[in-house]
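Chemist: One structure, pasted below without further comment.
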Amino acid sequence: MASSRYDPSEIEPRWVARWADEGLYKASDDDADPRPRFYALDMFSYPSGDLHMGHAEAFSGGDTIARFRAMQGHNVLHPIGWDAFGLPAENAAIKRGIHPKEWTYANIDQQRSSFSRMGMSFDWNRQLNTCDPEYYRWTQWLFLQLFDRGLAYRKLAPTNWCPHDQTVLANEQVINGLCERCDTPVVRKDLTQWFFRITDFAQRLLDDLEPLEDTWPERVVTMQRNWIGRSEGASIEFEIAETGDRLEVFTTRPDTLWGVTFFVFALEHPLVTKLAAAGGPEVEAATREMLDRLQATPLTNREQAESREGVALGAHAVNPVTGEQVPCFVAPYVLMEYGTGAVMGVPAHDQRDFEFAREHDLPIRVVIQPEEGATRDPDRMSEAHDHEGVMVNSGPFNGVRSPESIGRVIEWLEEEGKGRAAITYRLRDWLISRQRYWGAPIPVIHCPSCGEVGVPVQDLPVVLPEDVDFQPGGESPLARDPEFVNVVCPRCGGAARRDTDTMDTFVDSSWYFLRYCSPGRDDVAFDPADVARWMPVDQYTGGVEHAILHLLYSRFVTKALHDLGLVEFVEPFSRMMNQGQVIFGGAAMSKSKGNIVLPMPLVERWGADTMRLTMLFAGPFEDDIDWKLIAPDATRPPGVYGWLNRTWRAVTAAAGAGDGGGRPQPQELTRLAHRTVQGVTEDMDRYRFNTAISKLMVLTNEIRRAIDAGEETRDAAEVLVLMLAPLAPFLAEELWREVLGNVGSVHGAQWPSFDPALAREDTVTMVVMVDGKVRDRVEVPSDADEVACREAALASERVRQALEGREVSRTIVRPPKLVSLVTAAA
RNA sequence: GCGAGAGUGGCGGAACGGCAGACGCGCCGGACUUAGGAUCCGGUGCCCGAAAGGGCAUGGGGGUUCGACUCCCCCCUCUCGCACCA
3 MASSRYDPSE
13 IEPRWVARWA
23 DEGLYKASDD
33 DADPRPRFYA
43 LDMFSYPSGD
53 LHMGHAEAFS
63 GGDTIARFRA
73 MQGHNVLHPI
83 GWDAFGLPAE
93 NAAIKRGIHP
103 KEWTYANIDQ
113 QRSSFSRMGM
123 SFDWNRQLNT
133 CDPEYYRWTQ
143 WLFLQLFDRG
153 LAYRKLAPTN
163 WCPHDQTVLA
173 NEQVINGLCE
183 RCDTPVVRKD
193 LTQWFFRITD
203 FAQRLLDDLE
213 PLEDTWPERV
223 VTMQRNWIGR
233 SEGASIEFEI
243 AETGDRLEVF
253 TTRPDTLWGV
263 TFFVFALEHP
273 LVTKLAAAGG
283 PEVEAATREM
293 LDRLQATPLT
303 NREQAESREG
313 VALGAHAVNP
323 VTGEQVPCFV
333 APYVLMEYGT
343 GAVMGVPAHD
353 QRDFEFAREH
363 DLPIRVVIQP
373 EEGATRDPDR
383 MSEAHDHEGV
393 MVNSGPFNGV
403 RSPESIGRVI
413 EWLEEEGKGR
423 AAITYRLRDW
433 LISRQRYWGA
443 PIPVIHCPSC
453 GEVGVPVQDL
463 PVVLPEDVDF
473 QPGGESPLAR
483 DPEFVNVVCP
493 RCGGAARRDT
503 DTMDTFVDSS
513 WYFLRYCSPG
523 RDDVAFDPAD
533 VARWMPVDQY
543 TGGVEHAILH
553 LLYSRFVTKA
563 LHDLGLVEFV
573 EPFSRMMNQG
583 QVIFGGAAMS
593 KSKGNIVLPM
603 PLVERWGADT
613 MRLTMLFAGP
623 FEDDIDWKLI
633 APDATRPPGV
643 YGWLNRTWRA
653 VTAAAGAGDG
663 GGRPQPQELT
673 RLAHRTVQGV
683 TEDMDRYRFN
693 TAISKLMVLT
703 NEIRRAIDAG
713 EETRDAAEVL
723 VLMLAPLAPF
733 LAEELWREVL
743 GNVGSVHGAQ
753 WPSFDPALAR
763 EDTVTMVVMV
773 DGKVRDRVEV
783 PSDADEVACR
793 EAALASERVR
803 QALEGREVSR
813 TIVRPPKLVS
823 LVTAAA
């Protein structure tokens, strides 16, 4: 037997080494393996240093599920890898004066060793690393698949530019107008960039969320829906009086069409320069001035949103239903990327249009009156009336009420040939170019005669040159390397230039779960047979911060690959779970606040099992954990450490007592053990680790009591250790093999089963209520029927006292838990 | 502003419409003994009471019900998403 004291610093490293020797966590690709397969995926790690508390929390949950499913008889795939490209690596490397590669690989080594020390059950044979040419070769392949089908394309468009990081960002990476990485206000800049045509998939991305409602966190589904932002309305055709140009605008409120008093173009709208020129020299100069100024000193997203600036173009738009001519403007508050880049101005019923009209002295015409309350008067309105109401001043539609009015106007527009029903999405195409060094080069060659030519697949990877000045700035760091840039066109053999941007790292992570299925293959990104074996992912664990970005992109790539016939499913992740954040003192941990707690020192001091259980026991997995409240005193062990101690002693005593001929295991303990198996199994299925642990604590306490009473407890102790295994893998293994003397790992053992008959208690405490108040508690057999319960209730002296001789008018019996008596008086 | 979620002891948190506060932390008292990051036993929602017992308690107010932390309505507070998307 091992030492007589629970000593995690001795136990845990010993098992880390032995598990590695035994190859315990290898997933089997053998199709003859009869076990059902289970793909337990944890969001892979960004190697920006050693593991932090967020990793410890997320991976504790993910690993517990992987181990639980394995014990339930599944062939589990539980891989890990490194999301290793990206800005933080570059910024840290610049700060330290070393190469991003060096910094990244050092962090990977450290994280790998920390994960091992924590006892994570990863199949290390499948490890991948997105900055490895053997991986990004296939990220480039993915790009080319999309490029070949027109799903990757380049266009000049307004983009989000981060002046600090010197790169463009995807729409999804702008949080509240700030750069996701550095919190710098993002500005608008017109640039030619690569996009993925995710908008083609908008409706499918929306529709396919529905089956996920039950297995994904509700808020994630909601956030995705909101992000895609489907709007129903009408597309209405306007004509420019002076030039005869016709164009469509999108509106969700066609019922306000009679209230149009002006018309606005986005800055980038193709008609703007033409109309400005037609408006005469003054108009042209004013327009030019605004456009040039905004190009030179771009507005931040927020400034643009709040601006009510605008220039009158002199031209007029013809309202298709009234024939009225209204003045045209160009203004930054209209966005080129949404709808058609032009809007009809209805100041009475749209707040932005209202403010613009006040700013530019434009008429306000009320065409919707609220059904209740004061009539809206244009001269006295302080804000737009953008709610429902009755149509007025609207020709044939006067008196028609919303919301039916919208449909009726659309119908009429269609009959008149002036418009049609239309749907618009908020979702924009995914901007994937980055003017930064540490990423996968975009595998395209620009040829003066052939145009954009994809690098032939056999020439991949386009290797990221290492000896490059990777400081951001200018066109892109790669543009400074002539050897990289100057190539011959693969199509015509003429002189050509490589694309010098790198891909957004979210491209790397949009398909990594497929690569795990075919690790190390150098002929394909993944083998469809391998993917069919494991995908879709059965359980995906990670943070909500990826609720939009990573999940949306992965879903898009999966659908695109499905359309290419490479995968059979349309959704990559069947079930998902988000861990809460680990915070400290009510705020996120941060260097500037000096409140960072790291997991590895805790692991060294109290053991990985204690670290993991502290996380899982603190509360529901998806709730935040305030570490200051959970472990207020760093010099004292977290509470679960004491329980592990007690468990150690109890199981040790239980293992030894069998020889001593103690009294047989009491029936009550056997029943509790069965009940605990039932309860813990249910809790684990629902990821309720905190209540599962509390049930194990109850069983431990009962075993300890039985031991003190000199009773046999070995069977119960074995069951306890089995259930402990997914939660505290080191202690469970030590107890299972070294203390209880079993052969083979507890992590390969079968999850215990229970007998429902034994799990039921033989007597229960029945509550007797009189007029809604609990008046007594009576022990009754758990199979007591209605009659027996009633008799037991009426036999109670205290119940009789509470009744005070009053007559019972109604009796509700819920055998065997409750009898509720209602007197006539009540 | 819109959308979602949450308010339970000193603290983290438990409770298929049926004993509110499981389990744990902390705290109080005790035991063992004395240097073990200890361990063990008892107590611990609030108020009255020596006790038995009684009363009050799940943000506030109403409702449904024999019975509400749980369901419905109104209000307050907090958290999180999205915020000029026409």
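If you count the first sequence from 1, you need to add 2 to reach my numbering. Virtual Cβ for every residue (Gly too), placed ideally from N, Cα, C.
#1: Please report how far the alpha carbon of residue 56 lies from the alpha carbon of residue 771, in whole angstroms.
#2: Sorted by chain position, which residues of the same chain lie with C-beta nearer than 7 Å to residue 784's C-beta, five sequence neighbours on each side aside?
#3: Whose C-beta lies closer than 8 Å to the C-beta of residue 231 among residues of the same chain, with five residues either side of it excluded?
#4: Is there contact between the stretch 411-425 and the stretch 380-389, where contact requires at least three CB pairs shorter than 8 Å?
#5: Exposed or buried, which one is residue 445 when buried takes at least 16 other CB atoms within 10 Å?
#6: Can you name, in chain order, every residue of its own chain whose Cβ lies under 6 Å from the Cβ of residue 422, other than the five neighbours on each side?
#7: Span of the alpha helix (DSSP H) holding residue 791?
#8: Can you tell me which of the three DSSP states residue 419 falls into?
#9: Tell me the DSSP secondary structure of residue 651 in three-state form.
#10: Quick one: using the 10 Å Cβ neighbour count with 16 as the cut-off for buried, is residue 811 buried or exposed?
#11: Check residue 17 in the structure and name its three-state DSSP category.
#12: What's the gap between the Cα of residue 362 and the Cα of residue 599?
#13: Just list the alpha helix (DSSP H) runs in the stretch 198-256, keeping only unbroken ones of 4 residues or longer that don't cross its boundaries, in chain order.
#14: Let me confirm a value: residue 901 is counted as buried when at least 16 other C-beta atoms fall within 10 Å, else exposed. Which label applies?
#15: State buried or exposed for residue 38, treating a residue as buried only when at least 16 other CB atoms are found within 10 Å of its CB.
#16: Can you give, in chain order, each stretch of the beta strand (DSSP E) that sits fully within the stretch 697-777 and has at least 3 residues?
#17: If you draw a straight line from the alpha carbon of residue 138 to that of residue 510, how long is it in whole angstroms?
#18: Could you spell out the range, first to last residue, of the alpha helix (DSSP H) harbouring residue 454?
#19: Which first and last residues belong to the beta strand (DSSP E) in which residue 346 is found?
#20: Output yes or no for whether 7 Å exceeds the beta carbon distance between residue 776 and residue 792.
#21: Please classify residue 404: does DSSP put it in a helix, a strand, or coil?
#22: Along the chain, where does the beta strand (DSSP E) that runs through residue 9 open and close?
#23: Whole angstroms are fine: how far does the CA of residue 551 sit from the CA of residue 5?
#24: Please list, in chain order, all residues of the same chain as residue 78 whose beta carbon is under 7 Å from its beta carbon, the five residues on each side excluded.
#25: In the DSSP assignment, find the unbroken beta strand (DSSP E) run with residue 497 in it and report its ends.
#26: By Cβ distance below 6 Å, which residues in the same chain neighbour residue 396 in space, the five residues on each side in sequence not counted?
#27: Taking the alpha carbon of residue 253 as the point to measure from, which residue in 10, 802, 412 and 91 has its own alpha carbon closest?
#28: At what residues does the alpha helix (DSSP H) containing residue 815 begin and finish?
#29: In angstroms, rounded to a whole number, what distance separates the CA positions of residue 3 and residue 655?
#30: Pull up the distance between the alpha-carbon of residue 273 and that of residue 344, whole angstroms please.
#31: With 16 as the cutoff for other CB atoms within 10 Å, does residue 158 come out buried or exposed?
#32: Quick one: what's got a C-beta closer than 6 Å to residue 673's C-beta in the same chain, skipping five residues either side?
#33: Are the CB atoms of residue 505 and residue 456 within a distance shorter than 7 Å?
#34: Spatial neighbours of residue 152 within its chain, please: CB distance less than 6 Å, with the 5 preceding and 5 following residues excluded, ordered by chain position.
#35: As a quick exercise: from 646, 705 and 650, pick the residue whose alpha carbon is nearest that of residue 668.
#36: Measure the C-alpha to C-alpha separation of residue 527 and residue 472 and round it to an integer number of angstroms.
Modeler: Taking the definition as stated:
#1: 48 Å
#2: 762, 763, 764, 765, 766 and 818
#3: 427, 428 and 429
#4: no
#5: buried
#6: 237 and 416
#7: 788-796
#8: coil
#9: helix
#10: exposed
#11: helix
#12: 56 Å
#13: 204-209 and 220-230
#14: Nothing in the structure corresponds to residue 901, since the chain is present only between 3 and 828.
#15: exposed
#16: 765-772
#17: 7 Å
#18: Premise fails: residue 454 lies in the beta strand (DSSP E), 453-456, not in any alpha helix (DSSP H).
#19: 344-347
#20: no
#21: coil
#22: Counting along the chain, residue 9 falls outside any beta strand (DSSP E), and DSSP gives it neither H nor E.
#23: Confidence at residue 5 is low in this model, with a pLDDT of 48, below 50, so its placement is unreliable and no value can be given for it.
#24: 29, 40, 42, 68, 71 and 72
#25: 497-500
#26: 260 and 369
#27: 412
#28: Premise fails: residue 815 lies in the beta strand (DSSP E), 810-816, not in any alpha helix (DSSP H).
#29: Note on residue 3: pLDDT 38, under 50, position unreliable in the model; no value is reported.
#30: 10 Å
#31: exposed
#32: 760
#33: no
#34: none
#35: 705
#36: 28 Å
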